[in-house]
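This report concerns only the one structure given below.
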Amino acid sequence: MNNNHKRTWIEKLGDFISGKGFYLVVLICVAAIALSGYYLVQGLGGEDDPGQPVAGSASIVDSPSANPSPRVTAQPTPVPTAKPSPAPTVPPTAQPSPAVSSQPQPTQPAALVFTWPVNGAVIADYSVEALAYSETMGDWRTHDGMDLAVSLGTKVIATAAGTVSKVFEDPFMGTTVEIDHGKGLTSQYANLAAVPDVAVGDTVSTGTLIGSVGATAAAENAVQPHLHFAMYQDGNPVSPHDYLPER
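Now the structure itself:
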């Protein structure tokens with residue numbers, strides 16, 4: 003009984019569907035799909051604003067948390083400022099040492115040491131302020147040196163160190179040797195033998211042999227054999243006693 007009733011309902015439903023009911027079913031399905039789509043769109047759009055259109059720009063907003071973290075502000079990294087390099091210190095230039103000359107430096111002349119040129123007695127002394135009598139000339143005249151009596155051939159030595167500056171024949175005093183002792187001081191040895199033992203330019207020391215006593219002085223040939231010895235400062239006669247040691 004129930005089966006027949008069920009078959010009859012199914013049969014009736016089949017007849018309805020196969021007829022106009024087919025279009026009704028399709029319409030219901032379309033409406034159901036549209037309704038489902040509507041509610042789906044409303045669910046995506048949110049319940050608070052049902053009128054918000056689906057289309058449009060979407061933006062994402064972060065929801066603040068219960069305990070928001072403090073905002074960290076990025077501090078700008080300081081750009082290191084280039085410090086100017088200190089000006090280089092120029093070391094003091096070393097002062098050049100004075101050049102040492104290869105040339106021999108002049109030395110101060112040693113103090114002169116004087117000695118008597120011969121060991122003889124003074125027979126006519128130095129006299130330029132008072133006139134002295136000349137036996138040979140027979141008159142009174144000055145005497146710019148001293149006469150030292152010795153025998154012929156007695157060796158004559160230099161009174162001090164120096165350089166032989168002249169060797170000449172004087173018409174009155176005969177063979178004469180002159181020695182330059184420096185600073186304008188000279189000594190002369192007259193009435194020597196004709197050939198002295200030194201020449202111009204020779205360097206002598208105190209006591210160097212320069213010649214021997216002769217008889218060549220025409221102005222003093224009336225006197226016993228002797229050496230005529232004289233000294234000059236800047237060409238002017240000076241007393242030999244101011245230089246010779248006492249004896």
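If you read the sequence shown in this note's numbering, its first letter stands for residue 3, the second for the next number, and so on. Note that CB positions come from ideal geometry on N, CA and C, so glycine has one too.
Per DSSP, residue 243 lies in no beta strand (DSSP E) and is assigned neither H nor E.
The three-state secondary structure of residue 150, taken from DSSP, is strand. As DSSP reads the structure, residue 190 sits in a beta bridge with 180, 232. Going by C-alpha positions, residue 170 is about 8 Å away from residue 176. With fewer than 16 neighbouring CB atoms inside 10 Å of its own CB, residue 135 falls in the exposed class. A buried status is given to residue 193, since no fewer than 16 other beta-carbon atoms sit within 10 Å of its beta-carbon.
In the three-state scheme derived from DSSP, where H, G and I count as helix and E and B as strand, residue 38 is classed as helix. Residue environment: residue 180 is assigned as buried (16 or more neighbouring CB atoms within 10 Å of its CB, all protein chains considered). Judged by DSSP in its simplified three-state form, residue 128 adopts coil rather than helix or strand.
Here DSSP, grouped into helix, strand and coil, assigns residue 114 to coil. Membership of residue 214 in the beta strand (DSSP E) is indicated by the continuous run 211-214.
A distance below 8 Å separates the beta carbons of residue 233 and residue 189. Inclusion of residue 184 and residue 164 in the CB contact set at 8 Å is warranted, their separation being smaller than that value.
In the assembly as shown, residue 248 is an exposed residue. Its beta-carbon has fewer than 16 other beta-carbons within 10 Å. In this structure, the beta-carbon distance from residue 229 to residue 166 does not fall below 8 Å. Where residue 171 is concerned, the enclosing beta strand (DSSP E) starts and stops at 164-172.
The beta carbon of residue 127 sits closer than 6 Å to those of 148, all from its chain and outside the five residues before and after it, given in chain order. In the DSSP assignment, residue 158 falls within the unbroken beta strand (DSSP E) covering 157-159. Residue burial annotation: residue 131 is exposed, with fewer than 16 other C-beta atoms found within 10 angstroms of its C-beta. Counting of Cβ neighbours within 10 angstroms places residue 137 among the exposed residues, the total staying below 16.
Sequence-distant Cβ neighbours of residue 208 in its own chain, meaning closer than 6 Å and more than five residues away, are 115, 117, 162, 163. When DSSP states are grouped into helix, strand and coil, residue 10 belongs to the helix group. When the five nearest sequence neighbours on each side are left out, the beta carbons in the same chain lying within less than 8 Å of the beta carbon of residue 196 are those of 177, 216, 218, in order along the chain.
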